[in-house]
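Here's the structure we're looking at; comments come further down.
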Amino acid sequence: MVQRLTYRRRHCYNTASNRTRVLKTPGGKLVVQTQKKPTKHARCGATGVILHGLPQRRPSETSAKRLAKRHKTVNRIYGGCLSHAVVRERIIRAFLIEEQKIVKKVLKLQKAKERSK
């Protein structure tokens, strides 16, 4: 006869968090083994693009306790959080804003000189 199997933990519903597979032990017994959820790549917070250079892990495995810092980041500002393209765009935007402020100051000084003449 076929051996009956039951869930070993959690609830008795076939949900995403309760996936199982049936294994045969060396003794010939059938056992239920709980599976982990499939992992996904880390994604950029701004654009949602996949971040390269980071391992594909579950959020709990990426926590501060379990994984060393060098496995969670990329050696760059906002590394491991934002993609290189977003960081580059932010740096360029900040630079251009500063340049614009300087140009405004210079124009203001030139107008003041013209008025004083």
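Under numbering that gives the first Met the number 0, the first residue of the sequence shown is numbered 0, with each subsequent residue one higher. Note that CB positions come from ideal geometry on N, CA and C, so glycine has one too.
So for residue 76, helix, strand or coil by DSSP?
If DSSP states are grouped into helix, strand and coil, residue 76 belongs with coil.
Where DSSP assigns a beta bridge to residue 32, which residues make up the other side?
Answer by DSSP bridge pairing, in chain order: 20.
Mark residue 41 as exposed unless 16 or more other C-beta atoms lie within 10 angstroms of its C-beta, in which case mark it buried.
Counting the other CB atoms within 10 Å of its CB gives residue 41 a total of 16 or more, which places it among the buried residues.
Name the residue from 16, 91, 44 and 54 whose alpha carbon lies nearest to the alpha carbon of residue 32.
Ranking the options by Cα distance to residue 32, first place goes to 16.
Where residue 115 falls, given that 16 or more other Cβ within 10 Å makes a residue buried:
Looking at its Cβ environment, which holds fewer than 16 other Cβ atoms inside 10 Å, residue 115 is exposed.
Start-to-end residues for the alpha helix (DSSP H) that takes in residue 90
If you look at residue 90, you'll find it in the alpha helix (DSSP H) that goes 83 to 115.
Residue 180 versus residue 111 - alpha carbon distance
Residue coverage of the chain in this structure runs from 0 to 116, which leaves residue 180 outside it and unanswerable.
According to the Cβ coordinates, are residue 22 and residue 2 closer than 8 Å?
Result no, Cβ atoms of residue 22 and residue 2 do not sit closer than 8 Å.
Tell me whether residue 69 sits in a helix, a strand or coil according to DSSP, three-state version.
Helix at residue 69.
Quick check on the burial criterion: 16 or more other C-beta atoms within 10 angstroms. Buried or exposed for residue 82?
Classification for residue 82: buried.
Give me, in chain order, the residues of the same chain whose beta-carbon lies closer than 8 Å to that of residue 86; leave out the 5 immediate sequence neighbours on both sides.
Around residue 86, the same chain offers 75, 76 and 77 as residues with beta carbons nearer than 8 Å, after the five sequence neighbours per side are excluded.
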